[in-house]
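Residue numbers (the UniProt record's numbering): 1 to 556.
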């Protein structure tokens with residue numbers, strides 16, 4: 001089979017204005033970035049805001065495994081399949097980060113015959129959103145150190161600065177650094193560090209802001225550290241919130257691209273799915289709902305992290321009411337959750353599949369807690385046996401949920417027609433009664449316990465002394481009424497990556513609690529969350545190249 005990039009390069013793309021026409025967008029509402037990419041203008045929203053919203057469908061997955069689940073591929077393939085059955089659908093996705101592209105994880109544009117294109121551009125710089133976010137983040141960092149150098153009138157305590165610099169690349173050497181060395185003229189020496197750009201609070205803010213005014217308000221609320229009296233110091237105190245907003249004036253506009261089959265796709269934003277909410281932007285989803293009858297979007301990692309944050313953070317802030325959820329799994333991944341080693345996943349194993357299905361069952365039950373109808377999508381592989389397929393059908397039937405097998409990686413939209421038809425039937429026959437899981441006004445510990453007990457299946461929450469101190473500080477600042485953003489391993493429902501399947505009655509340890517005041521949520525860390533990844537021993541960058549005629553090779 002051809003590689004992803006070969007498939008993408010063999011595709012005959014439509015000019016982006018033709019894709020826009022499918023959504024009723026005039027060329028005057030496009031800001032072109034070449035022939036195949038465009039930003040949607042500010043004026044477009046005023047033209048469509050009175051329209052009725054389409055149906056909002058979230059694609060999520062079981063806990064990710066080394067076997068892979070194909071969540072983004074399913075999202076893209078489903079969008080293409082909806083077009084094939086005559087439905088007006090648009091895909092709303094996150095943008096890839098350069099770090100994973102050059103590292104080991106790869107891009108975020110789907111795969112096989114279910115990709116968003118131009119794939120090379122999307123994975124390499126795209127329309128510059130990541131760089132604008134990096135610049136805004138680092139302007140704030142520069143302002144902090146300049147303020148210290150110029151007399152520190154705000155009495156910022158250098159030991160309590162929590163803001164970090166960022167860059168859109170995996171570089172472990174920058175996790176912990178010392179700045180201000182080289183004598184008095186070079187600044188005040190202090191400890192600092194770098195996050196990858198997608199882990200910056202600026203990224204989370206961009207994706208939750210409703211418009212440019214809200215963006216500026218949120219940026220101003222960023223807490224960069226504390227003064228010697230222990231009071232918070234913000235970006236607004238440093239008077240750079242306006243300049244940061246200016247740097248993001250184009251980045252806040254959603255990007256329009258297409259799939260291999262010409263289905264419209266809006267790609268915008270991409271916050272970390274651990275320390276942030278892991279969803280594409282509110283602005284992109286809002287406008288997509290006005291432009292089509294069906295909006296297919298996704299959230300990061302498994303449903304315990306991504307879907308929960310989509311519901312409890314993004315939907316709460318934006319007022320979205322999702323109509324259905326597609327839960328993606330593979331028979332291989334379910335067997336892995338049942339104890340089968342990666343090298344043996346191609347072999348039939350009914351016992352392990354039955355045991356591992358408990359992971360999917362828990363996610364199904366979790367989604368139903370939010371009052372949203374769910375359908376299971378099994379990403380089909382040729383190693384799936386008839387007995388295994390039948391077992392999955394029987395398990396889903398016993399839970400009262402539909403299941404569809406899709407083959408969108410190999411067949412594109414054609415391979416997702418069963419899933420598309422069953423999804424439309426579900427939407428036509430069932431009403432969503434969506435409601436967030438908890439009241440954001442509840443005490444912090446109550447909100448955390450609700451997530452741990454109801455979503456993860458845990459019993460007790462244990463707090464370190466540092467976490468207890470942080471909670472008290474957040475309460476003292478009056479910021480305890482915000483939603484919770486849980487940071488934990490994506491590989492297990494628990495905070496222990498080794499506990500596969502559906503563990504029960506375990507304890508979860510909260511090591512640290514942080515406040516993202518600009519984004520508007522409280523980050524609860526249950527483990528060592530890496531916000532600046534490193535490159536692997538053999539990074540993908542070693543295989544990526546450009547030939548004399550301009551052809552890109554090695555990009556997946």
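Every residue, glycine too, gets a C-beta built ideally from N, C-alpha and C.
Between residue 533 and residue 170, the C-beta spacing is below 8 Å. Counting only unbroken stretches of 3 or more residues, the beta strand (DSSP E) elements lying wholly within the stretch 22-80 are 30-32, 38-40, 55-61, in sequence order. Between residue 262 and the set 519, 79, 476, 496, the nearest pair of CA atoms involves 79. Rounded to the nearest angstrom, the Cβ distance from residue 38 to residue 256 is 5 Å, consistent with a contact under 8 Å. It is roughly 18 Å from the alpha-carbon of residue 489 to the alpha-carbon of residue 100. Per DSSP, the unbroken beta strand (DSSP E) holding residue 460 starts and ends at 460-463. Take residue 125, set aside five residues on each side of it, and the residues of its chain with a beta-carbon closer than 8 Å to its own are 98, 131, in chain order. In the structure shown, residue 490 adopts coil according to DSSP, grouped into three states. Cβ-Cβ separation between residue 23 and residue 320: approximately 19 Å, too far for a contact (criterion under 8 Å). Looking at the DSSP output, residue 215 bridges to nothing. Annotated three-state conformation of residue 113 is coil, per DSSP.
Out of 503, 472, 552, the CA that lies nearest to the CA of residue 515 is found in 472. Here the stretch 508-527 makes contact with the stretch 270-280; the two share three or more CB pairs at distances below 8 Å. When DSSP states are grouped into helix, strand and coil, residue 92 belongs to the strand group. Comparing C-alpha distances from residue 429 to each of 323, 11, 162 shows the shortest one belongs to 323. Residue 67 has its alpha-carbon roughly 6 Å from the corresponding atom of residue 332.
Contact between residue 298 and residue 65 does not hold, since their C-beta atoms are separated by about 17 Å, which reaches or exceeds 8 Å. Within a 10 Å sphere around the beta-carbon of residue 46 sit fewer than 16 other beta-carbons, which makes this residue exposed.
For the stretch 487-536, the continuous beta strand (DSSP E) assignments of 3+ residues that do not extend past its boundaries occur at 507-510, 512-516, 521-525, in sequence order. Proximity of the stretch 160-176 to the stretch 188-202 meets the contact definition, three or more beta-carbon pairs being nearer than 8 Å. For residue 372, there is no enclosing beta strand (DSSP E), as DSSP marks it with neither H nor E. Assignment of residue 240 by DSSP, reduced to helix, strand and coil, places it in the coil class.
Shown here, residue 443 sits in coil according to DSSP, grouped into three states, outside any helix or strand. For residue 264, the enclosing beta strand (DSSP E) starts and ends at 264-267. Rounded to whole angstroms, the Cβ separation of residue 540 and residue 103 is 6 Å, and the two are in contact under 8 Å. Relative to the Cα of residue 359, the nearest Cα in the group 395, 246, 387 belongs to 395.
Nearest to residue 401 by C-alpha distance, out of 367, 264, 448, is 367.
As DSSP reads the structure, residue 225 sits in a beta bridge with 161, 233.
Nearest Cα to residue 451 within the set 305, 420, 345: 305. In the DSSP assignment, residue 141 falls outside any beta strand (DSSP E) and within the unbroken alpha helix (DSSP H) covering 129-149. When DSSP states are grouped into helix, strand and coil, residue 548 belongs to the coil group. Look at residue 102 here: in three-state DSSP terms it is helix. When DSSP reads this structure, residue 194 sits in a beta bridge with 165. Non-local beta-carbon contacts of residue 176 in its own chain, meaning distances under 6 Å to residues more than five positions away in sequence, involve 193 in chain order. For residue 399, the CB contacts under 7 Å within the same chain, skipping 5 residues up- and downstream, are 361, 364 in chain order. One alpha carbon belongs to residue 303, the other to residue 417, and they sit about 23 Å apart.
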